[in-house]
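**Q**
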Amino acid sequence: MAQLDAWSRIAAGAVTVVGLTAVWLAVVTSLPTQEELAGNALRPVRVATAASPVRAEPSLDLSIPGVVSSVPSAAQPAAPAPSEPSGEFRRGAPMVDARAAQITRLKCEAEIEQICPEGMDGGGFRCVERRMKDLPPSCQGMVRERFVKWKEDRNRTLVACRDDVRRLCATMRPGDGRVMQCLQDHAQDVSDGCYQTLPKGVLLFRQQ
Numbered sequence: 022m023a024q025l026d027a028w029s030r031i032a033a034g035a036v037t038v039v040g041l042t043a044v045w046l047a048v049v050t051s052l053p054t055q056e057e058l059a060g061n062a063l064r065p066v067r068v069a070t071a072a073s074p075v076r077a078e079p080s081l082d083l084s085i086p087g088v089v090s091s092v093p094s095a096a097q098p099a100a101p102a103p104s105e106p107s108g109e110f111r112r113g114a115p116m117v118d119a120r121a122a123q124i125t126r127l128k129c130e131a132e133i134e135q136i137c138p139e140g141m142d143g144g145g146f147r148c149v150e151r152r153m154k155d156l157p158p159s160c161q162g163m164v165r166e167r168f169v170k171w172k173e174d175r176n177r178t179l180v181a182c183r184d185d186v187r188r189l190c191a192t193m194r195p196g197d198g199r200v201m202q203c204l205q206d207h208a209q210d211v212s213d214g215c216y217q218t219l220p221k222g223v224l225l226f227r228q229q
């Protein structure tokens, strides 16, 4: 009996050793190799890097409570730049200047008629020239410009109407615009070249 018990214990120990050996071999064969461990260690990092979304850094709130900031934030669009004046507005400036010049001219003509009822037609130029100092400075400048233009027109008319003066105004004594007035009085009888140079402010049309 003692010998049978000894063999039983030996058999049980052998079975135990064989079982432990089988378990150890199973554990060893199931463990991954060094290359697999290195690949598995790097793969999650790449996947996490590709899958993780890029998040914008939160902006700092630098506003002060109770104070309105004039600096636009990134989310708030900047105010549009002021637009240039439209074409109609730019074109309106010369119209305003023309109206102002017209008003000034009308006022000066009224001032001239007060001191020289004949105005600046014919012999009225002599009166205006003598009373120049009685006019406002702005009107004096306008009168000087009119004098220059009047002398240029007169010289051109006298040259173009030389034959008409000899024919129609031979007895007229020069001076104080008498010759020019004579030509205007005979506007229906002067030559075409002479008529074209006569002041159109007095003679608006010529009857045929």
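Position 196, counted from 1, in the sequence shown is what this note's numbering calls 217; the numbers after and before it change by one each time, with no gaps.
Virtual Cβ for every residue (Gly too), placed ideally from N, Cα, C.
1. For the alpha helix (DSSP H) holding alanine 230, just list the boundary residues, first then last.
2. Rounded to whole angstroms, what's the CA-CA distance from cysteine 160 to arginine 126? Just pull it up for me.
3. Are three or more beta carbon pairs between the segment 147-162 and the segment 120-134 nearer than 8 Å?
4. Around the Cβ of threonine 42, are there at least 16 other Cβ atoms within 10 angstroms (buried) or fewer (exposed)?
5. Beta carbon of arginine 120, beta carbon of isoleucine 136: below 8 Å?
6. Can you have a look at valine 211 and say buried or exposed, based on whether 16 or more other CB atoms are within 10 angstroms of its CB?
7. Please tell me whether cysteine 215 and alanine 191 are closer than 8 Å, where the distance is taken between their beta carbons.
8. I'd like the span of the alpha helix (DSSP H) that includes glycine 214, first residue to last.
9. Check methionine 12 in the structure and name its three-state DSSP category.
10. Helix, strand or coil: how does DSSP classify arginine 30 here?
11. With a threshold of 16 other CB atoms inside 10 Å of the CB of aspartate 185, please say whether the residue is buried or exposed.
12. Can you round the beta-carbon distance between methionine 193 and threonine 178 to whole angstroms, since I take them to be within the 8 Å contact cut?
13. Rounded to whole angstroms, what's the CA-CA distance from cysteine 203 to arginine 183? Just pull it up for me.
14. Output needed for arginine 199: all residues of its chain with C-beta closer than 6 Å, excluding positions within five of it in sequence on either side, in chain order.
15. On the three-state DSSP scale, how would you describe glutamate 150?
16. Measure the C-alpha to C-alpha separation of glutamate 173 and glutamate 166 and round it to an integer number of angstroms.
17. Which of the three DSSP states is assigned to threonine 192 in this structure?
**A** With the given structure in hand:
1. This structure cannot settle anything about residue 230, because the visible part of the chain is limited to 22 through 229.
2. 8 Å
3. yes
4. exposed
5. no
6. buried
7. no
8. 213-218
9. Outside the displayed span of the chain (22 to 229) sits residue 12, for which this structure offers no information.
10. helix
11. buried
12. Contact flag wrong, Cβ pair sits at about 14 Å.
13. 13 Å
14. Met193
15. helix
16. 11 Å
17. coil
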